[in-house]
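Engineer:
Number of protein chains: 2
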Amino acid sequence: MKRTQHKRSPCPVACTLDLIGDKWTLLIVRDMLLGKKYFKDFSRSPEKIATNILTDRLEKLVEAELVQRYVVMEEIHRDAYRLTDKGKSLHKIVELMLTWGLEHIPGTEARLRPAEPKKK
Amino acid sequence: MKRTQHKRSPCPVACTLDLIGDKWTLLIVRDMLLGKKYFKDFSRSPEKIATNILTDRLEKLVEAELVQRYVVMEEIHRDAYRLTDKGKSLHKIVELMLTWGLEHIPGTEARLRPAEPKKK
Chain H
237 MKRTQHKRSP CPVACTLDLI GDKWTLLIVR DMLLGKKYFK DFSRSPEKIA TNILTDRLEK
297 LVEAELVQRY VVMEEIHRDA YRLTDKGKSL HKIVELMLTW GLEHIPGTEA RLRPAEPKKK
Chain D
237 MKRTQHKRSP CPVACTLDLI GDKWTLLIVR DMLLGKKYFK DFSRSPEKIA TNILTDRLEK
297 LVEAELVQRY VVMEEIHRDA YRLTDKGKSL HKIVELMLTW GLEHIPGTEA RLRPAEPKKK
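Those protein sequences? They're chains H and D, same order as listed. To convert a position in the first sequence, counted from 1, into the numbering used here, add 236. To convert a position in the second sequence, counted from 1, into the numbering used here, add 236.
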């Protein structure tokens, strides 16, 4: 991590929630697991994340080294985003929420299941 | 669920985050998995949750049927809280965040590991 973050406690659950405990962060991770990489693609997801929230969450994800910003060579000046290995390891949490939601929340459906992330 | 909740999308990840996607809810679930049942016990956890936030999250947990409010017979007029079976099933998500935090966030430590919840 680039800067020391305030910890509410040494509890690993609390510290994990400090990084991903909100309604949006794991949806961006979900989208990256599904192969999305551009800002506009995240903003077009069905949950309709507001652009200021998306900007904020992407910055926090990059700062926490869960996501890497890079430039796609064919499209100069266009930033893209991808999960780092640390970010890819959130796959299991996303997958478990997917399974939990399908089992416990009526009306949910998984149109696309994130693929197991490949190692670099 | 007592009332129909607005769904951002049918995605089970998004719907799960609508229930537990914040910095506090899963810490209350963690505390219940560790055996805490009274309001004041949750409020004394090291993360120092504000009482208004705790009140709000407990109400939402009860409304979502993840937690049941009950009265301890030996202590009349004192509300207690316990996980329903649906709430207990969040155990895996808490456990995975614990494991993820220990592995990826320096300085975290698990003093107490929530026990596997027993079936009623």
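Glycine included, every Cβ here is placed at the ideal spot set by N, Cα and C. Here the structure is a predicted model, which is why all the values come from computation and not from measurement.
1. I'd like the span of the beta strand (DSSP E) that includes L319 (chain D), first residue to last.
2. Give a yes or no on whether the minimum CB-CB distance between M268 (chain D) and chain H is below 7 Å.
3. Looking at chain D, which residues of the stretch 280 to 293 of chain H have a Cβ within less than 7 Å of any of its Cβ atoms?
4. Tell me which residues of the stretch 299 to 320 of chain H have at least one Cβ-Cβ distance to chain D shorter than 7 Å, keeping chain order.
5. Grouping DSSP H, G and I as helix and E and B as strand, with all else coil, what is V307 (chain H)?
6. For D277 (chain H) and chain D, any beta-carbon pair shorter than 7 Å?
7. Taking 7 Å as the threshold (beta carbon to beta carbon), is V265 (chain D) in contact with chain H?
8. With a CB to CB cut of under 6 Å and the five nearest residues on each side skipped, what residues in its chain are close to L297 (chain D)?
9. Check whether the Cβ atoms of I329 (chain H) and L332 (chain D) lie closer than 7 Å to each other.
10. Given this structure, state the Cα-to-Cα distance separating K324 (chain H) from M268 (chain H), to the nearest angstrom.
11. Give the residues from the stretch 330 to 341 of chain H that approach chain D closer than 8 Å (Cβ to any Cβ), ordered along the chain.
12. Classify G337 (chain H): buried if its beta carbon has 16 or more other beta carbons within 10 angstroms, exposed otherwise.
13. Out of curiosity, what's the CA-to-CA distance linking Y317 (chain D) and D254 (chain D)?
14. In angstroms, rounded to a whole number, what distance separates the CA positions of T320 (chain H) and F275 (chain H)?
15. Would you mind working out which of H:N288, H:V308 and H:W260 sits nearest R244 (chain D), comparing C-alpha positions?
16. Comparing alpha-carbon positions, which option in D:T344, D:G343 and D:D258 lies nearest L290 (chain D)?
17. Drop a sphere of 10 angstroms on the beta-carbon of F280 (chain D), count the other beta-carbons inside from all chains shown, and report buried for 16 or more, exposed for fewer.
18. Any beta carbon from chain D within less than 7 Å of E345 (chain H)'s own beta carbon?
Structural biologist: If we stick to the structure as given:
1. That run of the beta strand (DSSP E) goes D315 to L319.
2. no
3. P282 and E283
4. none
5. strand
6. no
7. no
8. V303
9. yes
10. 9 Å
11. V330, L332, M333, L334, T335, W336, G337, L338, E339, H340 and I341
12. Around the beta-carbon of G337 (chain H), 16 or more other beta-carbon atoms lie within 10 Å, marking it buried.
13. 21 Å
14. 17 Å
15. H:W260
16. Nearest C-alpha to L290 (chain D): D:D258.
17. According to the sequence shown, residue 280 (chain D) is Arg rather than Phe. That one is exposed.
18. It does; some Cβ of chain D falls within 7 Å.
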